[in-house]
Amino acid sequence: PEHILVGVNADTGQVQVRRVADPAGMETAPHQQRSALTLSNGMVYIAYGGLFGDCGNYHGWVVASRTDGQGPMLSYQVPTTREGGIWAASGPAIDANGRLFVSVGNGETTQGDWDHSDSVLRLSPTLQLEDGFAPTQWQQDNATDADLGSMGPGLLPGGWVYADGKSGLGYLLRADALGGVGGQAQVISICSAYGGAATVGSQMFLPCTDGLRQVLLGSDHRLTQGWVAPGQVSGSPIVGGHTVYSLDGNGTLYAINSQTGKVITTISVGSAPHFATPTLSGNHVFVGTMTGVAAVTVS
2 PEHILVGVNA
12 DTGQVQVRRV
22 ADPAGMETAP
32 HQQRSALTLS
42 NGMVYIAYGG
52 LFGDCGNYHG
62 WVVASRTDGQ
72 GPMLSYQVPT
82 TREGGIWAAS
92 GPAIDANGRL
102 FVSVGNGETT
112 QGDWDHSDSV
122 LRLSPTLQLE
132 DGFAPTQWQQ
142 DNATDADLGS
152 MGPGLLPGGW
162 VYADGKSGLG
172 YLLRADALGG
182 VGGQAQVISI
192 CSAYGGAATV
202 GSQMFLPCTD
212 GLRQVLLGSD
222 HRLTQGWVAP
232 GQVSGSPIVG
242 GHTVYSLDGN
252 GTLYAINSQT
262 GKVITTISVG
272 SAPHFATPTL
282 SGNHVFVGTM
292 TGVAAVTVS
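Position one of the sequence shown corresponds to residue 2 (this note's numbering), numbered consecutively onward.
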């Protein structure tokens, strides 16, 4: 099997780019491309993780290709003996300098030196490893599958990064000095989160498994929790104006007041795939469903 990068002309539907997107040396069968693609400065970045159940000889990878499909591909592999996938649905986050921030899942190592699993890593635009962070208890997280890999990093003003995952702990990190093992600026008990956060200024909206949450970064560079949405609303959110849009597990789209957390309205869009994220364009919210694309008009 091969993973294929395809570029389609949005106006005509014609395929303009088609190339194999597997890095040299990667055993393709146990790898899954789940993360969203990320575009930056004429490059498309593609992250890889493993399949459900952590089966096979897989690693976390990031691959970069020119958007025109020409030239050599660049790649970075997480240096685990096995596992350490990069699979969060939101994909790599990129700052104003073109640096990539990725969350890495559990590795098979549960003792010894840190292998860059259960982490947030910063990569250069050419995919050179620059810095990284892991919780102090990364070995235990690996052993219990309680890693940071389930939600992509969130970038905040002032050079801050927020990381969350399966364990219920959230970490505030310095983008220019992620801190290595245990080097966070703050750790706070918030929630288990899957997907990607939405950020607006110093506000974040987290896709928590027990309900979408607002988290605030204060002028003192400390995180505090705000409102919590109804528990069934756990999908990766987007923000338009003063409204947050998020799905529940039954295919219902929620519009939530971003300041108060009050549900404004709901509408059923049909069954959606796991980790489906709405897209906002003009006065429409688009949702990919199991049968097509639903378009919802918003005011």
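Ideal Cβ positions, reconstructed from N, Cα and C, are used throughout, including at glycine.
Just checking: is the beta-carbon of residue i within a distance shorter than 9 Å of some beta-carbon in chain B?
i      : result
Leu213 : Any reference to chain B falls outside this structure, which holds one protein chain only.
Run the CB neighbour count on residue i, radius 10 Å, all protein chains shown included, and call it buried at 16 or more, exposed below.
i      : result
Met291 : exposed
Asp148 : buried
Glu84  : buried
Pro158 : exposed
His117 : buried
Gly242 : exposed
Cys209 : buried
Phe53  : exposed
Lys167 : buried
What does a CB cutoff of less than 8 Å around residue i pick up in its chain, not counting 5 residues either side in sequence?
i      : result
Gly252 : Ser269, Val270, Gly271, Ser272, Ala273, Thr290
Thr137 : Val182, Gly183
Gly133 : His117, Ser120, Val121, Leu122, Arg123, Leu179, Gly181
Gly169 : Ser190, Ile191, Cys192, Ser193
Thr81  : His60, Gly61, Gly108, Glu109, Thr110, Asp116, His117, Ser118
Val201 : Val240, Ser259
In its own chain, which residues sit with a C-beta less than 6 Å from the C-beta of residue i, not counting the 5 before and 5 after it?
i      : result
Gly8   : Gln17, Val18
Ser125 : Glu131
Thr325 : This structure does not reach residue 325, given that the chain is present from 2 up to 300, and the question cannot be answered.
Asn10  : Gln17
In the DSSP output, which residue or residues are listed as bridge partners for residue i?
i      : result
Phe134 : Val121, Gly181
Glu84  : His60, Gly108
Tyr172 : Ala164, Val188
Asp249 : Val234
Ile47  : Val64
Ile268 : Leu254
Thr127 : Paired residue(s): none; Thr127 is not in a bridge.
Val229 : Arg214
How is the alpha helix (DSSP H) around residue i delimited, first residue to last?
i      : result
Ala144 : 139-145
Please list, in chain order, all residues of the same chain as residue i whose beta carbon is under 7 Å from its beta carbon, the five residues on each side excluded.
i      : result
Arg223 : Gln187
Val234 : Gly212, Leu213, Ser247, Asp249, Tyr255
Pro2   : Thr29, Ala30
Ile265 : Thr244, Ala256, Ile257, Asn258
Cys56  : Pro31
In three-state terms, what does DSSP make of residue i?
i      : result
Phe287 : strand
Ser91  : coil
Asn258 : strand
Gly242 : coil
Gln215 : strand
Ala37  : coil
Phe53  : coil
Arg100 : coil
Ala194 : strand
Gly155 : strand
Arg223 : coil
Gln17  : strand
Ala25  : coil
Taking residue i as part of the beta strand (DSSP E), name the residues at either end of that continuous run.
i      : result
Thr280 : 280-282
Leu75  : 75-78
Val9   : 5-9
Met205 : 204-207
Ala199 : 199-201
Thr298 : 294-298
I want to check one thing, is the minimum distance from the CB of residue i to the heavy atoms of the ligand GTP below 8 Å?
i      : result
Ala296 : Of ligands this structure carries none, so the ligand GTP is not represented either.
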